[in-house]
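Notes to accompany the following structure.
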Amino acid sequence: MADMIKVSGLSVTFTSAGRSFRAVDGVSFSVAKGESFGIVGESGSGKSTILKAVAGLVKFQAGALELNGQAMGFARSRKERQLLQYVFQDPYGSLHPRQTVDEALREPLAIQGIAGAEAKIAAALAEVGLEPKHRFRFPHQLSGGQRQRVAIARALILHPPILLLDEPTSALDVSVQAEILNLLARLRAAHGTTSILVSHDLAVVAHVCERVAVMKDGRLVEILGADALRAGVAEQAYTRQLVAASRGYARGA
Amino acid sequence: MSGPLLEVAGLNVTFPGRGGETRAVRDVSFTLGRERLGIVGESGSGKSTTGRALLGLLPASAKVTAGALRFDGLNLLSRSDADWQALRGKRISMVMQDPKYSLNPVRNVGWQIEEAYRLHRRCTRAEARAKALAMLEAVQIREPDLVYQLFPHQLSGGMGQRVMIAMMLIAEPDLLIADEPTSALDVTVQNEVLRVLDKLVEERGMGLIFISHNLTVVSSFCDRVLVMYGGKIMEECAAKSLGAAKHPYTRALIQSAPQLERRQAELATVQRDPAWLT
Chain A
11 MADMIKVSGL SVTFTSAGRS FRAVDGVSFS VAKGESFGIV GESGSGKSTI LKAVAGLVKF
71 QAGALELNGQ AMGFARSRKE RQLLQYVFQD PYGSLHPRQT VDEALREPLA IQGIAGAEAK
131 IAAALAEVGL EPKHRFRFPH QLSGGQRQRV AIARALILHP PILLLDEPTS ALDVSVQAEI
191 LNLLARLRAA HGTTSILVSH DLAVVAHVCE RVAVMKDGRL VEILGADALR AGVAEQAYTR
251 QLVAASRGYA RGA
Chain B
945 MSGPLLEVAG LNVTFPGRGG ETRAVRDVSF TLGRERLGIV GESGSGKSTT GRALLGLLPA
1005 SAKVTAGALR FDGLNLLSRS DADWQALRGK RISMVMQDPK YSLNPVRNVG WQIEEAYRLH
1065 RRCTRAEARA KALAMLEAVQ IREPDLVYQL FPHQLSGGMG QRVMIAMMLI AEPDLLIADE
1125 PTSALDVTVQ NEVLRVLDKL VEERGMGLIF ISHNLTVVSS FCDRVLVMYG GKIMEECAAK
1185 SLGAAKHPYT RALIQSAPQL ERRQAELATV QRDPAWLT
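Each protein sequence line maps, in turn, to chains A and B. Under the working numbering, residues 11 to 263 are what the first sequence spells out, in order. Under the working numbering, residues 945 to 1222 are what the second sequence spells out, in order.
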């Protein structure tokens, strides 16, 4: 199957006040069409930076990025921007506090000049399990789970072939997380979206993704299948350590 | 010492609102010895409100009533602000969830750690400084004298949380209330912070109330667990046997979390029964 996302030798360096920091160092991977790919790692391992580089939100200094067979740089045309959408970690921070749900969902359609907003907004809300009464509410009138549903609806309203999920459930309760993960699974089955999920929760990544990349200090430690991750048969010691840590606190260890 | 460290009987907290009162905590009773007690529940289950009530940190609008609220023989229900000051920080401390919001951004780490010590003990600045450095070392910070001078924005999440713990423990309290102390941290850092807390509980014989929404952490770290929903305690059980919990709410919570060990086609969602709150 064709690769939807191809990242080769990607490096991102941040420079501030004369000091530079290499956040991502020569990372390569590819994601097939319809696949769900996971990236795990600690804070500062560069997992979110990869996602931002793929989305064109940060510049990359070396390497190449291909989306749907086309080479991508930092600047993207409007057409190129239709390829992907992003769901952020914090639904409290990623929605405009003074925009209603309706306005939030209308904006991507207006930017891309797509007609028929009324029907599309109603359909997108229904798809993520929100009721029509939620449409004219402000973010503060919604619960955390409802807000994340709005963020997902906003991402999916343009039917992008690629969805980038940056810790979409880590700000939510487990019970709400279950609802959002089920929703994402259902939407993926319906639209055949390719996705990259970044999370520090190994159980979530193993649940959602087929293959998982493990990151440490900007480098890719290894890529392994979700079943291998689950079985704890990782090749690298670091991955095994991460798996052990996520099984809970071991007294006396 | 005889009797439990903390005794809570029939604690109720209500907040007035336009649509009538909100009952945030309903009839909560438990006792705590020198042990690790976990409180789990979803957002809005009243777990943080319970923790705050024990420290008298609720806003003035909150109505707190209880049959008994005793800490080491002291009645916590009728205390003046001055009485609270003698207790807070010195004998009962609280670690908050997010070090980014709970540390003072314009003061260096060392000054903030020393503050509690200077307020509660007669000491010289040099003594306070030495104590702060020792605390930083106790929470496993590698270069205490370097970190001492840093400002909160220069710390990583795990370091910030350890600084908070150092700050809360410098006055050597008998009871520590930790409100989601590891929720903002990575799993590996989380276990390091838990190890620090564990060591302090063991060595000092401190009582710990560990508030969290993470069932894995609570069941592997605590001795006993209270499961809260809608302000009420649904179930109390030994942490080790949380997996064998009987209450339908506890069972549903456990099942809604994805498991690393086995593959699930669809995650179970939590069905709530209004009868639980009556």
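Note that CB positions come from ideal geometry on N, CA and C, so glycine has one too. Since this is a predicted model, take the numbers as computed values, not measurements.
Which of helix, strand or coil does DSSP assign to lysine 130 (chain A)? helix
Within chain A, partners of phenylalanine 974 (chain B) - CB distance below 7 Å: The contacting residues do not exist; phenylalanine 974 (chain B) stays about 22 Å from chain A at best.
Around the C-beta of proline 960 (chain B), are 16 or more other C-beta atoms found within 10 angstroms, so that it is buried, or is it exposed? exposed
Under a Cβ-count criterion, where at least 16 other Cβ atoms within 10 Å of its own Cβ denotes burial, should tyrosine 1045 (chain B) be classed as buried or exposed? exposed
Verify the contact flag: methionine 82 (chain A), CB atom, against every heavy atom of the ligand COA, threshold strictly below 7 Å. What this structure holds is no ligand at all, so the ligand COA is not there to describe.
To the nearest angstrom, how far is the alpha carbon of valine 1171 (chain B) from that of glycine 1104 (chain B)? 28 Å
How big is the Cα-Cα spacing for arginine 29 (chain A) and alanine 165 (chain A)? 35 Å
Which same chain residues end up closer than 6 Å to aspartate 176 (chain A) when comparing Cβ atoms and leaving out the 5 residues on each side of it in sequence? Ser58, Leu61, Phe98, Gln99, Val208
Euclidean distance between Cα positions of alanine 1282 (chain B) and histidine 150 (chain A): As displayed, chain B neither begins before 945 nor continues past 1222, which places residue 1282 (chain B) out of reach and without an answer.
Mind checking whether serine 185 (chain A) and valine 969 (chain B) have CB atoms under 8 Å apart? no
Going along chain A, which residues have a C-beta under 8 Å from alanine 1212 (chain B)? Ala188
So, with DSSP's three-state summary, where would you put asparagine 1019 (chain B)? strand
Please determine, among B:Thr1160, B:Leu1221, B:Met1038, the residue with the shortest C-alpha to C-alpha distance to serine 1185 (chain B). B:Thr1160
If you measure between the beta carbons of alanine 1183 (chain B) and glycine 982 (chain B), is that distance less than 8 Å? yes
Is threonine 1009 (chain B) buried or exposed, if buried means 16 or more other CB atoms sit within 10 Å of its CB? exposed
Closer than 8 Å by beta-carbon distance: list the chain A residues that pair up with leucine 1204 (chain B), in chain order. Leu212, Ala213, Ala216, Leu239, Arg240, Val253, Ser256, Arg257
Endpoints, the alpha helix (DSSP H) within which glutamate 90 (chain A) is located: 88-91
Closer than 7 Å by C-beta to arginine 1023 (chain B): which residues in its own chain qualify, once you throw out the five before and the five after it? Chain order, please. Gly1000
Interface flag, leucine 1094 (chain B) vs chain A, CB-CB below 8 Å: no
Apart from the five residues just before and just after threonine 1194 (chain B), which ones in its own chain have a Cβ nearer than 7 Å to its Cβ? Val1171, Met1178, Glu1179
By DSSP, does valine 1053 (chain B) sit in helix, in strand, or in coil? helix
Along the chain, which unbroken stretches of the alpha helix (DSSP H) at least 4 residues long are found entirely within the region 121-201 of chain A? 127-137, 154-166, 184-201
In chain A, which residues lie with their C-beta within 8 Å of the C-beta of aspartate 1130 (chain B)? Glu52, Ser53, His210
For lysine 1034 (chain B) and proline 1117 (chain B), believed in contact at Cβ under 8 Å, the rounded distance: 7 Å
Closer than 7 Å, Cβ to Cβ, to anything on chain B: give me those residues from the region 172-187 of chain A, in chain order. Asp183, Val184, Ser185
Note down, in chain order, all residues in the region 150-172 of chain A with a beta-carbon under 8 Å from any beta-carbon belonging to chain B. Gly154
Residues of chain B with CB closer than 8 Å to the CB of leucine 191 (chain A), please, in chain order. Pro1202, Leu1211
Could you work out which residues of chain A lie near leucine 1138 (chain B), taking near to mean beta carbons separated by less than 8 Å? Tyr259
Where does glutamate 1136 (chain B) fall in DSSP's three states? helix
Simplified DSSP state of lysine 16 (chain A), which is helix, strand or coil: strand
For the 8 Å Cβ check, are there 3 or more pairs between the region 1011-1030 of chain B and the region 1193-1207 of chain B? no
Inter-residue Cα distance where the pair is alanine 997 (chain B) and leucine 197 (chain A): 43 Å
Within chain A, the residues that glutamine 1208 (chain B) reaches when beta carbons sit closer than 7 Å: His217
Taking the Cβ atom as the reference point for each residue, do alanine 223 (chain A) and phenylalanine 39 (chain A) lie within a distance shorter than 8 Å? yes
With C-beta atoms as the reference, is arginine 221 (chain A) less than 8 Å away from alanine 241 (chain A)? no
Measure the alpha-carbon distance for valine 22 (chain A) versus valine 64 (chain A) and round it to whole angstroms. 11 Å
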